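First residue of the first sequence? That's 316 in the working numbering, and the numbers climb one at a time after it. Ideal Cβ positions, reconstructed from N, Cα and C, are used throughout, including at glycine. Please read these numbers as outputs of a predicted model, since none were measured by experiment. Single-structure report; data block below.
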Amino acid sequence: MNGHNSEIDLQIWQVVALIPPGKVATYGDIAAQSGLPGAARRVGLALRRLSSDTRVPWHRVINATGRISLPAGSASSHLQRRKLEEEGLVFGANGRLDLRRFRWTPGNP
DNA sequence: GTACTGACCAGAT
DNA sequence: CATCTGGCCAGTA
Numbered sequence: 316m317n318g319h320n321s322e323i324d325l326q327i328w329q330v331v332a333l334i335p336p337g338k339v340a341t342y343g344d345i346a347a348q349s350g351l352p353g354a355a356r357r358v359g360l361a362l363r364r365l366s367s368d369t370r371v372p373w374h375r376v377i378n379a380t381g382r383i384s385l386p387a388g389s390a391s392s393h394l395q396r397r398k399l400e401e402e403g404l405v406f407g408a409n410g411r412l413d414l415r416r417f418r419w420t421p422g423n424p
């Protein structure tokens with residue numbers, strides 16, 4: 316059906332779209348949920364390929380340490396943090412989110 | 001085909 | 001806490 320976009324990207328985007336507001340998932344989580352366990356890096360690439368006006372909530376994907384993985388100080392990293400804060404998430408003084416509180420677990424709304 | 005890269009990860013130091 | 005290390009998987013040159 317879609318000859319040019321990779322099926323993998325579509326699959327990853329669909330999974331990311333499932334993360335509810337106020338929750339986050341790690342790159343590894345998304346990879347596993349997308350049927351690509353261990354391919355966390357592949358998730359970053361898929362998100363990188365999103366257009367700037369996408370509806371996919373890419374900002375809800377962070378790394379396993381609870382931090383934003385985009386280059387520190389970049390416009391995109393600031394945007395991600397702002398979007399998450401708008402959803403009520405609270406960053407620690409060290410710039411980290413508490414995954415025990417905010418991590419999304421599939422099938423558990 | 002090899003070699004290097006990346007919005008990663010877990011464990012070790 | 002900071003760094004490093006090896007591993008992971010797909011993309012790119």
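What are the boundary residues of the alpha helix (DSSP H) that includes residue i?
i	result
serine 391	390–401
leucine 414	414–417
isoleucine 327	322–331
Since residue i and residue j should fall inside the 8 Å C-beta cutoff, what is the C-beta to C-beta distance between them, to a whole number of angstroms?
i	j	result
proline 372	isoleucine 334	6 Å
Taking all protein chains shown into account, do 16 or more other C-beta atoms lie within 10 angstroms of the C-beta of residue i, making it buried, or fewer, making it exposed?
i	result
aspartate 344	buried
arginine 364	exposed
valine 331	buried
valine 405	exposed
glycine 403	exposed
alanine 346	buried
leucine 385	buried
| message | List, from N- to C-terminal side, the alpha helix (DSSP H) runs of 4 residues or more that fit wholly inside the region 344–386. | response | 355–363
| query | Counting pairs of beta carbons, one from the region 383–391 and one from the region 350–358, are three or more of them closer than 8 Å? | reply | no
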